[in-house]
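Undergrad: Structure incoming, see below.
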Amino acid sequence: MAENQQPALQPMRHSMAHIFAAAVTRMWPEVKLGVGPATDTGFHYDLDLGDYKLSNDDFKKIEAEMRKIVAQDQPFEQFTKPIDEAIQWANDAKQTYKLELLNDLKRAGTTVLKDLDTVELGLEANGESKVEEVSFYKNGEFTDLCRGPHVESTGKVGAFKLMSVSGIYWRGKESNPQIQRVHGIGFATLEDLKQHLTMVEEAKKRDHRKLGQELDLFVFSDLIGAGLPLFTPRGTILRRKLDDFVQEMRDEYGYQEVTVPHITKKDAYIASGHWQKFADELFHITTREGHEFAMKPMNCPHHTQIYAAKSRSYKELPVRYRETTTCYRDEQSGELSGLSRLRAFSQDDAHVFCRTEHIEEEALKIWDIIDRFYGAFGFELKVRFSTHDPANMDSYSGAPEKWESTEQQLLGIIKQKVGDNYIDGVGEAAFYGPKIDFMAKDAIGREHQVATIQLDFNQPEGFDLTCVNEAGERERIIMVHAAIMGSIDRFLSVYIEHVAGKFPVWLSPEQVRITTVNQEESVVKFAEDMVIRAKELGLRVYFDNDNESVGKKIRSSELMKVPYTVVIGQNEIESGELTPRIRKDMEVSEQHEARTVDEFLKTVANEAKSRVNKTSL
RNA sequence: GCCACCUUAGCUCAGUUGGCUAGAGCACCGCUUUCGUAAAGCGGGGGUCUGGGGUUCGAAUCCCCAAGGUGGCUCCA
9 MAENQQPALQ PMRHSMAHIF AAAVTRMWPE VKLGVGPATD TGFHYDLDLG DYKLSNDDFK
69 KIEAEMRKIV AQDQPFEQFT KPIDEAIQWA NDAKQTYKLE LLNDLKRAGT TVLKDLDTVE
129 LGLEANGESK VEEVSFYKNG EFTDLCRGPH VESTGKVGAF KLMSVSGIYW RGKESNPQIQ
189 RVHGIGFATL EDLKQHLTMV EEAKKRDHRK LGQELDLFVF SDLIGAGLPL FTPRGTILRR
249 KLDDFVQEMR DEYGYQEVTV PHITKKDAYI ASGHWQKFAD ELFHITTREG HEFAMKPMNC
309 PHHTQIYAAK SRSYKELPVR YRETTTCYRD EQSGELSGLS RLRAFSQDDA HVFCRTEHIE
369 EEALKIWDII DRFYGAFGFE LKVRFSTHDP ANMDSYSGAP EKWESTEQQL LGIIKQKVGD
429 NYIDGVGEAA FYGPKIDFMA KDAIGREHQV ATIQLDFNQP EGFDLTCVNE AGERERIIMV
489 HAAIMGSIDR FLSVYIEHVA GKFPVWLSPE QVRITTVNQE ESVVKFAEDM VIRAKELGLR
549 VYFDNDNESV GKKIRSSELM KVPYTVVIGQ NEIESGELTP RIRKDMEVSE QHEARTVDEF
609 LKTVANEAKS RVNKTSL
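Quick note on this note's numbering: the first sequence kicks off at 9 and runs consecutively.
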């Protein structure tokens, strides 16, 4: 996005945060301030106003006060204080949150280990050396603990707007008090700010939740429950077509489809390590005989048991299983969001059981599928190397040395594919192993995590997975987990927004709509014959013989974003030719000039066979 | 789960400070019309105002609880 290309915006946005805090301090002198960093689109500030809850009505008043400070053009002056004086300052000012930060800063400065808290707060600049002095910035009557940099004076900030307020835990810890965070957007010019708001509007228009309803793809029901999507016939076609695409490619690479039940004994998750870590997020089932089961939250344990059902020779490795199947996780209600985060979601999951020597080739094969899949949709992919955090080994299973070696192996694959063009994701690993995560950048510049390739040396231990090697000994194997879409549901949410609901012909739930000009017998007969012919050719066709005006029927077809709409009347019957109406975003090929019914349908049927995205995004 | 806000017909929304049988457009159904590329005309059905409890002479409107949603926080195998 444009705003990321302008590092000069960061000091400006950070200055806006100070101006915001100064304004709030004028209006509520008792406010206790937290931190106020620049963000990708502006800034936010965390603050504690006791029982008073800010609302959107307060924003106008705060913005007015901010504008006064801007008009006063107060210079931003930096100065330093010895750490103990700074602590005294925070104490005197009753700024308890700042005080906490300063104490941590002092403490972190005296310890050799990086203190996680200060890392989070971005105060680690001189992490190793003892902190003796801290930096402050002052504008007008307002002083804030701050590393800077800032613009010269309050008059030098661009356009800003307060957007929303939300409750947060101080420093993101649930054990900490809950305070308020005000989000603002900020840009160099008013035009940039307006452009950003336009972008936000565009994103709203593309919102998959809105389009899902308008295009009749999926629904939710209060009766069924939150986070449990119900896919309509149209939505189900989309899911089927996307999944077929992935699975056909997998078959090319030697994957075999398997099928497993959706509930499982608790024991499987104890062996996998999931029970210890995710017991609260499982849907638990107790049988009438008192046995504990859970809805499956993932598929690895099941697939391991298919592998482990017999002894395996090294010669049959790699064994590759694939399965598109629904998983169930008891997500917190506040985390649910459209198809992006669900309690029941379908993974296009796969597991490769292999020896270490196979890993590279297997990972590269998966990477090929990912490239082909995302390439077909015009997504730009970014790669993230998701590794363990050595400072937080409690979150992971297995020995640190094993982590190091598997990560090196993954890194080699990444380097081979993209060189240094990847993002470091320290702490982003799964608890059982490191991952290569793929982020897709959509048509309006947003990034979404989608595909994943994961190395797992822990579950083979937990499930005692082996093969018989050349020496006739049982040898521990390794697992590779891979999902191309990640979850079909989440991919759909990303994809719907990517194309704004304008699906290419091969994916469109309805490919051709045939409408009649009137209900005369000859017209209806001609149109019905065309519908039959279209179905013979495997096209998804809808016949609109409603007693409505042509204009209205065209409109209805356009609103449903149907790629081809044809109107049948006396003209078509007499000439035997038709002029299809082609959805505006699609590339108009000369093949769709006026032609016979059969030629038209064959052209579309042919087009529907190729998995290319011919729409202009 | 936590904080803030929201929930009126299938959809999108009106509904003044609590006060007559709760409205509109679209959609749906019926009739008329038989129509040429983004909305033909007329008529009709449809809502215990998300659910439950309370305050009040009186509640869509105020209070409490629950469910669902939106934006954040936290979490994400």
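Ideal Cβ positions, reconstructed from N, Cα and C, are used throughout, including at glycine.
Count the C-beta pairs between the stretch 247-261 and the stretch 541-555 that are closer than 8 Å, then say yes if the count reaches three, no if not.
TA: no
Undergrad: Helix or strand or just coil, what does DSSP make of His22?
TA: Mapped onto the first sequence, residue 22 falls at position 14. Three-state result, His22: helix.
Undergrad: Please check the pair Ile581 and Val531, which I expect to be a contact at CB under 8 Å, by giving their CB distance rounded to whole angstroms.
TA: The residue you call residue 581 lines up with position 573 of the first sequence. The residue you call residue 531 lines up with position 523 of the first sequence. About 7 Å separates the CB atoms of Ile581 and Val531; that is less than 8 Å, so the two are in contact.
Undergrad: At 3 residues or longer, what runs of the beta strand (DSSP E) sit wholly inside the stretch 456-523?
TA: Those beta strand (DSSP E) runs which fall completely within the stretch 456-523 and span 3+ residues are 474-476, 482-484, 486-495.
Undergrad: By alpha-carbon positions, which one of Ile504, Ser172, Tyr177 ends up nearest to Gly192?
TA: Translated into the one-based positions of the first sequence, residue 192 becomes position 184. Closest by alpha carbon: Ser172.
Undergrad: Can you check DSSP and say which residues form a bridge with Val327?
TA: Indexing the first sequence from 1 puts residue 327 at position 319. According to DSSP, which records beta bridges pairwise, Val327 is partnered with Phe361.
Undergrad: Go through its chain and collect everything with a Cβ distance to Met493's Cβ below 6 Å, but skip five positions before and after it.
TA: Here the question's residue 493 lines up with position 485 in the first sequence. The residues are Asp356, Phe499.
Undergrad: Straight-line CA distance for Ala384 to Gly44?
TA: In the first sequence, the residue the question calls residue 384 occupies position 376. In the first sequence, the residue the question calls residue 44 occupies position 36. Distance between the alpha carbons of Ala384 and Gly44: 42 Å.
Undergrad: Would you decide whether Val605 is buried or exposed? Buried here means 16 or more other CB atoms lie within 10 Å of its CB.
TA: As a position in the first sequence, residue 605 is number 597, starting the count at 1. Label assigned to Val605: buried.
Undergrad: Looking at the unbroken beta strand (DSSP E) that takes in Ile452, where does it start and where does it end?
TA: Start at 1 with the first residue of the first sequence, and residue 452 comes out as number 444. Looking at the DSSP string, Ile452 is not in any beta strand (DSSP E), and its letter there is neither H nor E.
Undergrad: Contact between the stretch 267-279 and the stretch 410-429 is defined here as three or more beta-carbon pairs at a separation below 8 Å; is this criterion met?
TA: no
Undergrad: Kindly indicate the opening and closing residues of the beta strand (DSSP E) around Asp432.
TA: Within the first sequence, the letter at position 424 stands for residue 432. Segment 431-434, the beta strand (DSSP E) holding Asp432.
Undergrad: I need the straight-line Cα distance from Glu518 to Pro571, nearest angstrom please.
TA: As a working mapping, residue 518 is identified with position 510 in the first sequence. As a working mapping, residue 571 is identified with position 563 in the first sequence. Their backbone Cα atoms lie some 8 Å apart in a straight line.
Undergrad: Let's see if you can read the secondary structure: which residues bound the alpha helix (DSSP H) around His310?
TA: The count along the first sequence starts at 1 and reaches residue 310 at position 302. Per DSSP, His310 belongs to the alpha helix (DSSP H) from 308-315.
Undergrad: Could you work out which residue in Ile245, Phe168, Asp552, Tyr322 is closest to Asp694 when comparing CA atoms only?
TA: Outside the shown range of the chain (9 to 625) lies residue 694, about which nothing can therefore be said.
Undergrad: Rounded to the nearest angstrom, what separates Leu418 and Leu609 at their Cα positions?
TA: Taking the first sequence and counting its residues from 1, one reaches residue 418 at position 410. Taking the first sequence and counting its residues from 1, one reaches residue 609 at position 601. Their backbone Cα atoms lie some 48 Å apart in a straight line.
Undergrad: Residues in its own chain within less than 8 Å of Glu607 by CB, not counting five upstream and five downstream?
TA: Indexing the first sequence from 1 puts residue 607 at position 599. No residues qualify anywhere along the chain.
Undergrad: Tell me whether Gly194 sits in a helix, a strand or coil according to DSSP, three-state version.
TA: Looking up residue 194 in the first sequence gives position 186. Strand at Gly194.
Undergrad: Return yes when the Cβ of Ile77 is within less than 8 Å of the Cβ of Ala29, no when it is not.
TA: Locating residue 29 in the first sequence gives position 21, where the first residue counts as 1. Locating residue 77 in the first sequence gives position 69, where the first residue counts as 1. Not in contact: Ala29 and Ile77 (Cβ atoms no closer than 8 Å).
Undergrad: With DSSP as the reference, label Glu132 as helix, strand or coil.
TA: Counting from one through the first sequence, the residue named residue 132 turns up at place 124. Model confidence at Glu132 stands at a pLDDT of 42, short of 50, so the residue's coordinates are unreliable and nothing is read from them.
Undergrad: Taking all protein chains shown into account, do 16 or more other C-beta atoms lie within 10 angstroms of the C-beta of Leu372, making it buried, or fewer, making it exposed?
TA: Against the first sequence, residue 372 aligns to sequence position 364. With fewer than 16 Cβ atoms within 10 Å of its Cβ, Leu372 is classed as exposed.
Undergrad: Between Gly433 and Ser394, how many whole angstroms is the CB-CB distance? I'm expecting something under 8 Å.
TA: Residue mapping note: residue 433 aligns to position 425 of the first sequence, counting from 1. Residue mapping note: residue 394 aligns to position 386 of the first sequence, counting from 1. Between Ser394 and Gly433 the Cβ distance is about 4 Å, and since that is below 8 Å, they are a contact.
Undergrad: Tell me whether the beta-carbon of Ser319 lies closer than 8 Å to the beta-carbon of Thr334.
TA: Here residue 319 refers to the residue found at position 311 of the first sequence. Here residue 334 refers to the residue found at position 326 of the first sequence. It is not a contact, given that the beta carbons lie outside the stated cut-off.
Undergrad: Once DSSP output is grouped into helix, strand and coil, what is the label at Lys164?
TA: Within the first sequence, numbered from 1, the residue matching residue 164 stands at position 156. Helix, per DSSP.
Undergrad: Which residue wins for smallest C-alpha separation from Ser348, given the options Val165, His216, Asp428?
TA: Taking the first sequence and counting its residues from 1, the one referred to as residue 348 is at position 340. Comparing Cα-Cα distances from Ser348 to each of Val165, His216, Asp428, the minimum goes to His216.
Undergrad: Per DSSP, what kind of secondary structure is Glu297 in: helix, strand or coil?
TA: If you number the first sequence from 1, residue 297 lands on position 289. It is coil, neither helix nor strand.
Undergrad: Assign Tyr60 to one of two classes, buried (16 or more other C-beta atoms within 10 Å of its C-beta) or exposed (fewer than that).
TA: Against the first sequence, residue 60 aligns to sequence position 52. With fewer than 16 other beta carbons inside 10 angstroms of its own, Tyr60 counts as exposed.
Undergrad: By the three-class DSSP mapping on this structure, what secondary structure does Leu109 have?
TA: As a working note, residue 109 is residue 101 in the first sequence. If DSSP states are grouped into helix, strand and coil, Leu109 belongs with the helices.
Undergrad: Once you ignore the five residues that flank Ser23 on each side, which residues in its own chain have a CB closer than 6 Å to its CB?
TA: Residue 23 sits at position 15 when you count from the first residue of the first sequence. Around Ser23: His158, Val159, Val165.
Undergrad: Please determine if the stretch 520-536 and the stretch 226-238 are in contact, where contact requires at least 3 C-beta pairs separated by less than 8 Å.
TA: no
Undergrad: Evaluate Gly470 with the Cβ neighbour count: other Cβ atoms within 10 Å of its Cβ, from every protein chain shown; 16 or more gives buried, anything less gives exposed.
TA: Here residue 470 corresponds to residue number 462 of the first sequence, with the count starting at 1. By the neighbour-count criterion, in which a residue is buried when 16 or more other Cβ atoms sit within 10 angstroms of its Cβ, Gly470 is buried.
Undergrad: Note down, in chain order, each residue of its chain lying with its Cβ closer than 8 Å to the Cβ of Ala352, except the 5 sequence neighbours on either side.
TA: Position 344 of the first sequence, counted from the start, is the residue given in the question as residue 352. Excluding residues within five positions, the ones whose Cβ falls inside 8 Å are Gly235, Leu236, Pro237, Thr334, Cys335, Tyr336.
Undergrad: DSSP beta-bridge partners for Glu85?
TA: For the purposes of this step, residue 85 is taken as residue 77 along the first sequence, with counting starting at 1. For Glu85, which the question treats as bridged, DSSP gives the partners Lys146.
Undergrad: What would DSSP say about Tyr572, mapped onto helix, strand or coil?
TA: On the first sequence, residue 572 is found 564 positions in, with the first residue counted as 1. Residue state, collapsed to three classes: strand.
Undergrad: Taking Asp450 as the reference, which of Asp472, Phe387, Pro408, Met401 has the closest Cα?
TA: Taking the first sequence and counting its residues from 1, one reaches residue 450 at position 442. Here the closest residue by C-alpha is Phe387.
Undergrad: Write down every uninterrupted run of the alpha helix (DSSP H) in the stretch 540-619 whose length is 4 residues or greater and which is fully enclosed by it, in chain order.
TA: Listed in chain order, the complete alpha helix (DSSP H) runs (minimum 4 residues) inside the stretch 540-619 are 558-567, 578-583, 605-617.
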